[in-house]
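Residues 8 to 159 (the numbering used here) are what the sequence shown spells out, left to right.
All residues carry an ideal CB built from backbone N, CA and C; glycine is no exception.
The next block holds one structure in the form of structure tokens; read it before the comments.
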Amino acid sequence: MTLTGQCRCTAVHYTLATDAPLAVYACHCRDCQTWSGSAFALHALMPSETISHEGPVTHYAYDADGQHSIHTLCSVCHTRLYNTTSAAPGMLVLRAGTLDHSPSLQPVAHIWIKHKQPWLMLPEGIATWPQSPTPQAFAQALQASETAPEVR
Ligand SMILES: [Zn+2]
Ligand SMILES: [Zn+2]
């Protein structure tokens, strides 16, 4: 299965080489709200080598809470496409809303819901954490996503 996506202006296209269902989660932290200009950010965690992209990109790097993050964005329209972080070596965090098939995505977990917008109702039974889960707890929730409909 090959998944594709692009930035807002379409100067940058990417493909994901993966057969695994995407582990999509929503982050409701204040940083994601500010950065997306929205209520939450939709992320998908995957091995770094999964993505290949074409087109002009630029990078934004910063340090916070002892973690070093590098964001990759379109150098024309500045849509953020993905980031890597020293907290998860070898992995990348895709901005899942940039996928061409994003309407079919089913988030399997919601994190930082202590900052969730009060009007937003989450589905019953979905995994949630007030802040960031432990890596172990998070991996368990993402594995449970195999019961979720497969992304096509
Ligand atoms: Zn662009
Ligand atoms: Zn966040």
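Nonlocal neighbours in the same chain, by C-beta distance under 7 Å from residue i, ignoring five residues either side
i    : result
H66  : I77, H78, T79
T105 : G12, Q13, C14, T86, L88
Endpoints, the alpha helix (DSSP H) within which residue i is located
i    : result
L149 : 142-150
DSSP-derived helix/strand/coil call for residue i
i    : result
D38  : helix
H122 : helix
E61  : strand
Q48  : Sequence check: residue 48 is Ala here, not Gln. Here A48 sits in strand by DSSP.
A116 : strand
R159 : No answer about R159 holds up, because its pLDDT of 43 lies below 50 and its placement is not dependable.
S76  : strand
T25  : coil
P54  : strand
Sequence-distant residues of the same chain with beta carbon closer than 8 Å to residue i, five excluded per side
i   : result
T9  : T22, L23, A24
A68 : H75, S76, I77, H78
Same chain only: Cβ atoms within 6 Å of residue i, ignoring 5 sequence neighbours per side
i    : result
H35  : F47, W119, I120, H122, K123
Q162 : Since the displayed the chain opens at 8 and closes at 159, residue 162 lies outside it and no answer follows.
Span of the beta strand (DSSP E), counted from its first residue to its last, around residue i
i    : result
L127 : First-last for L127: undefined, no H or E at that position.
V100 : 98-102
G132 : That residue, G132, is in no beta strand (DSSP E); it is neither H nor E in DSSP.
Counted within 10 angstroms of its Cβ, other Cβ atoms place residue i as buried (16 or more) or exposed
i    : result
R15  : exposed
C81  : buried
A144 : exposed
Original post:
Below 8 Å, can you find three or more Cβ-Cβ pairs linking the region 90-102 to the region 47-59?
Top reply: The region 90-102 is in contact with the region 47-59.
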